[in-house]
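A short write-up of the structure that comes next.
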């Protein structure tokens, strides 16, 4: 999956753990079809200090429920399935 290239991404350093990053991307790719079904999408940006940064796309970027979807959906799944992940932040 391609990383998002924008000014916000430049503020963060990429993870030093490629295995963690690989697991995070795999789980995100499992979740994406559910968001795509409603016209949205999610793109992995980076992982830093246990926090996964994602970029929301499509209908998700304007949805007032995206923070709930991130916290109660994506974050819950990532924390459960990927040891070392503590939080997910949409940038």
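Numbering (our numbering), first residue to last: 170 to 260. We put the beta carbon where it would ideally sit given N, CA and C, even for glycine. In this text, all values refer to a predicted model and were calculated from it rather than measured experimentally.
Simplified DSSP assignment, three categories, for residue i
i, result
"residue 237", "helix"
Boundaries of the alpha helix (DSSP H) in which residue i is found, first to last residue
i, result
"residue 217", "Not the alpha helix (DSSP H): residue 217 falls in the beta strand (DSSP E), residues 209 to 217."
"residue 200", "187 to 206"
"residue 251", "Looking at the DSSP string, residue 251 is not in any alpha helix (DSSP H), and its letter there is neither H nor E."
8 Å CB neighbourhood of residue i in its chain, flanking five on each side removed
i, result
"residue 192", "250, 251"
Rounded separation between residue i and residue j - CA only
i, j, result
"residue 188", "residue 194", "10 Å"
"residue 233", "residue 241", "14 Å"
"residue 203", "residue 254", "21 Å"
Cutoff 6 Å; reference residue i; Cβ partners in own chain excluding five residues on either side
i, result
"residue 222", "214, 215, 258, 260"
"residue 243", "200, 257"
Neighbour-count burial assignment, residue i, 16 or more Cβ in a 10 Å radius
i, result
"residue 218", "exposed"
Extent of the continuous beta strand (DSSP E) to which residue i belongs
i, result
"residue 231", "Per DSSP, residue 231 belongs to no beta strand (DSSP E) and is neither H nor E."
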